Amino acid sequence: MKIVLTESGAKNKKYTVHEHVQFTDLVPVFDAEVSGSFLVSRKKEEIYDLEGEFTAVIVTGCDRCGCRIEFNVGQDFFYQYRLGEEPELEPDHDGTDENCEIVYTIDPLLESSEILKEQILLAMPQQSLCGEQCKGLCDQCGINLNENQCKCKENSDNSPFAILRKLQNN
Ligand SMILES: [Zn+2]
Ligand SMILES: [Zn+2]
Numbered sequence: 006m007k008i009v010l011t012e013s014g015a016k017n018k019k020y021t022v023h024e025h026v027q028f029t030d031l032v033p034v035f036d037a038e039v040s041g042s043f044l045v046s047r048k049k050e051e052i053y054d055l056e057g058e059f060t061a062v063i064v065t066g067c068d069r070c071g072c073r074i075e076f077n078v079g080q081d082f083f084y085q086y087r088l089g090e091e092p093e094l095e096p097d098h099d100g101t102d103e104n105c106e107i108v109y110t111i112d113p114l115l116e117s118s119e120i121l122k123e124q125i126l127l128a129m130p131q132q133s134l135c136g137e138q139c140k141g142l143c144d145q146c147g148i149n150l151n152e153n154q155c156k157c158k159e160n161s162d163n164s165p166f167a168i169l170r171k172l173q174n175n
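Just so we're aligned: the sequence shown equals residues 6 to 175 in this note's numbering.
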């Protein structure tokens with residue numbers, strides 16, 4: 006959805022979005038079903054606040070075993086858009102909230118999915134796992150260790166298990 010900053014006129018303008026956002030340039034690729042809202046309010050001729058919130062259902066693969074997982078993320082966000090070129094030197098801190106990100110833009114047209122993508126990435130957990138206990142894939146034979154067992158670790162002399170066995174035998 007297009008958000009046109011200058012359309013907010015003297016009043017606030019609210020946008021509600023439901024979007025399917027795809028992250029195709031990430032590994033693993035993932036999809037998000039997002040619902041969000043944006044409230045644009047004009048502070049000055051060239052300064053606009055954008056307050057928003059979203060919730061998203063993320064569909065992705067477990068970082069360890071790759072199985073399909075789904076979970077929710079969501080948060081509030083706040084940007085301030087200033088129309089014009091970014092000044093070379095940021096003016097002294099003028100009392101604006103530190104949590105507010107100031108964005109300089111020449112174009113008053115924003116794309117909601119771009120904002121949502123940025124926010125989803127910020128809200129994503131560091132690791133997406135199917136469960137804390139996920140054993141992942143064997144790094145040698147690729148078997149899913151949650152479902153099957155393999156002998157790779159036992160057979161490798163350098164594995165911690167083999168070393169432990171040697172210690173126990175001595
Ligand atoms: Zn897993
Ligand atoms: Zn294996």
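Where is the CB? At the ideal position from N, CA and C, for every residue including glycine.
Being a predicted model, the structure only gives us computed values, none of them experimental.
At a cut-off of 7 Å, the beta-carbon of LEU121 does not count as near ligand 1: no heavy atom of the ligand is closer than that. Take the alpha-carbon of ASP68 and the one of VAL26: they are about 20 Å apart.
With a threshold of 16 other beta carbon atoms within 10 Å, GLN131 falls short and is exposed. In the three-state reduction of the DSSP assignment, GLN124 falls in the helix class, which pools H, G and I. With respect to the C-alpha of CYS72, the residue from PRO113, SER133, LEU172 having the closest C-alpha is SER133. Among the bridge pairs identified by DSSP, LYS18 is matched with VAL45. Judged by DSSP in its simplified three-state form, SER133 adopts coil rather than helix or strand. One thing to note: ASN17 has its Cβ no nearer than 8 Å to the Cβ of LEU55. In terms of Cα proximity to ALA128, the closest of SER40, LYS156, ILE111, VAL78 is VAL78.
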